[in-house]
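Below: one structure, written as structure tokens.
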Amino acid sequence: MNEKILFTDKEISDNLDVLATKIDIYISNLPEKEQNKVMFIGLLTGCIHFVSDLTRKIKSDHKLGFIKASSYINNKRGDLTIDMNIGSIKDHHIIILDDICDSGITLNTIVNKLSAGSPLSIKTCVLVNKIIPNKQHVPDFKVFDIEDVFIYGYGLDYYDYKRNLKDIRIKTN
Ligand code: IMP
Ligand code: MG
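This is the structure in structure tokens:
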């Protein structure tokens, strides 16, 4: 397979340092009594390396939970299935972490579902945001913006493989 590296592991790591600082500042600006009521929720499976690397750079105290959300079937956008098992989010500031925001359907659906659990707030944070028209959700925090191309590596899959790559790649002809 001909491929090229879009973002190296060093670029990802350096940018996560910046993002972690931004999130620490966001948390430190919450009302003091609520600063220990922060919960990160990762969307499996693509979020794994992003969640692991980012949360270990974040200094503020927080809880961590995961939701299983799948929308891509054989690399095509399909119906969204959601498996939630995160306990109560009531009175918590939620930060949803995902690998990539494409159409925004996943994040929009999950924000709506989580709103029913009476959290104090919900923010979304992704490693990569695709610039496409008519997005259903625009993430609050993001690291990289890309065109509408299919990428893989660092958690993002290519037909269920390649999640283990340390960098993010794109196929070339
Ligand atoms: P959305 O609901 O269209 O925003 O799609 C979000 C989900 O689709 C992400 O969490 C990924 O799992 C998957 N996805 C979207 N674009 C890509 C891509 O370029 N590579 C791998 N997975 C992708
Ligand atoms: Mg995903």
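The numbering used here puts the sequence shown at residues 244 to 416.
From the three backbone atoms N, C-alpha and C, an ideal C-beta is built for every residue, glycine too.
No experiment lies behind these values; they were computed from the predicted model shown.
- Under a 10 Å Cβ-count criterion, Tyr-404 is classified as exposed, with fewer than 16 other Cβ atoms of the shown protein chains found around its own Cβ.
- Residue side-chain check: Phe-250 keeps its Cβ at 7 Å or more from all non-hydrogen atoms of the ligand IMP.
- The C-beta of Val-281 has 16 or more other C-beta atoms within 10 Å across all chains shown, which makes the residue buried.
- For Glu-246, DSSP records a beta bridge to Lys-414.
- When DSSP states are grouped into helix, strand and coil, Ile-348 belongs to the helix group.
- Taking 8 Å as the upper bound for CB-CB distance, Leu-249 and Leu-297 are not in contact here, some 19 Å apart.
- The continuous beta strand (DSSP E) containing Asp-388 extends over residues 384 to 389.
- Placement of the Cβ of Asp-400 at a distance of less than 7 Å from at least one heavy atom of the ligand IMP is found.
- Leaving aside the five residues that flank Asp-267 on each side, the residues in its chain whose CB is nearer than 8 Å to its CB run, in chain order, Ile-301, Lys-302 and Ser-303.
- Boundaries for Thr-298: no beta strand (DSSP E) harbours it, while the alpha helix (DSSP H) harbouring it runs 291 to 298, taken from the DSSP string.
- Distance between Glu-254 and Asp-388, taken at the CA atoms: about 13 Å.
- The residues His-336, in chain order, have a CB closer than 7 Å to that of Leu-273 in the same chain once the five nearest residues on each side in sequence are set aside.
- Around Leu-408, the same chain offers Tyr-395, Gly-396 and Tyr-397 as residues with beta carbons nearer than 8 Å, after the five sequence neighbours per side are excluded.
- Across the structure, Asp-257 and His-292 are spaced so that their CA atoms are roughly 14 Å apart.
- Judged by DSSP in its simplified three-state form, Ile-325 adopts strand.
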